[in-house]
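Notes follow the structure.
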Amino acid sequence: AQSVTQLDSHVSVSEGTPVLLRCNYSSSYSPSLFWYVQHPNKGLQLLLKYTSAATLVKGINGFEAEFKKSETSFHLTKPSAHMSDAAEYFCVVSDQSTGGFKTIFGAGTRLFVKA
Amino acid sequence: GAVVSQHPSRVICKSGTSVKIECRSLDFQATTMFWYRQFPKQSLMLMATSNEGSKATYEQGVEKDKFLINHASLTLSTLTVTSAHPEDSSFYICSANGMWEYTEAFFGQGTRLTVV
């Protein structure tokens, strides 16, 4: 069975400093992993995805994530935070389970960006 | 990428009435669709898995008689909230997976349901 753990419920950074949002997963098969962002009262936007190709994945808005199988991690990073990055971020695993694919969300990490 | 359209985006209904939410895959066939519910400031909780041509699989704690799911075609799944009450007010999101291996889920825009 799959599970996703986002290690921090809240992260606060200053504008211009690096961002690190941590995610660990467990999966019985070879999963696909994603990061989504949700701004207040808005839907989900895909930032990036890992689907068994390159382990370092680059996404939109300067975000990237590295798939580390040995550590079962898929942490999201950005070199320099912008005020517009303040939002909720979800780490997601999609994997084969009984009856087909299943997509499971992490609990989310709220990113605060200080001026 | 593939597009999933969810309708309506917002709905307000009276207590005791039923509301239907549609989830359509516009440019691909979706054998499986998922329905999620999001409470304020919380993550998305999987409610059920909708399989084309068969009964939906509900997660533990989700009332199947209250949240009726129908997946009659490869491009459409519907969620009907029956006899809605204020506690059913929430943000509902659907997602669809395609027919290929190692697929990502494509999400609808979400439906904000308010029961008054």
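Quick note, the sequences are listed as chains P and V, same order. Under the numbering used here, the residue at position 49 of the first sequence is numbered 49, and the numbers go up by one with no gaps. Count along the second sequence from 1, then add 115; that gives the number in the numbering used here. Think of the CB as a built atom: it goes at the ideal place given N, C-alpha and C, for glycine as much as any other residue. Just so it is clear, the structure is predicted and the values come from calculations on it, not from any experiment.
- Using beta-carbon distances, Val-13/P does not count as an interface residue toward chain V, since no partner is under 9 angstroms.
- DSSP places Leu-48/P in the uninterrupted beta strand (DSSP E) bounded by 44-50.
- Per the Cβ contact rule, the segment 138-158 of chain V is in contact with the segment 182-192 of chain V (3 or more Cβ pairs under 8 angstroms).
- Annotation for Asn-166/V: the continuous beta strand (DSSP E) segment containing it runs 159-166.
- Of the residues assessed, Asp-180/V falls on the exposed side of the cut-off, its CB having fewer than 16 other CB atoms within 10 angstroms.
- Chain V places a beta carbon closer than 9 angstroms to that of Asn-41/P, counting this residue as a contact.
- Nearest C-alpha to Pro-79/P among His-10/P, Ser-14/P, Ala-107/P and Gln-6/P: Ser-14/P.
- With respect to chain V, the C-beta atom of Leu-44/P has a partner C-beta closer than 9 angstroms.
- Between the C-alpha atoms of Ile-127/V and Pro-31/P there is a straight-line separation of about 38 angstroms.
- Out of Leu-111/P, Ala-107/P, Lys-114/P and Phe-112/P, the CA that lies nearest to the CA of Thr-5/P is found in Ala-107/P.
- Taking Val-177/V as reference, the option from Asn-166/V, Pro-201/V, Gly-168/V and Met-160/V with the minimal CA-CA separation is Met-160/V.
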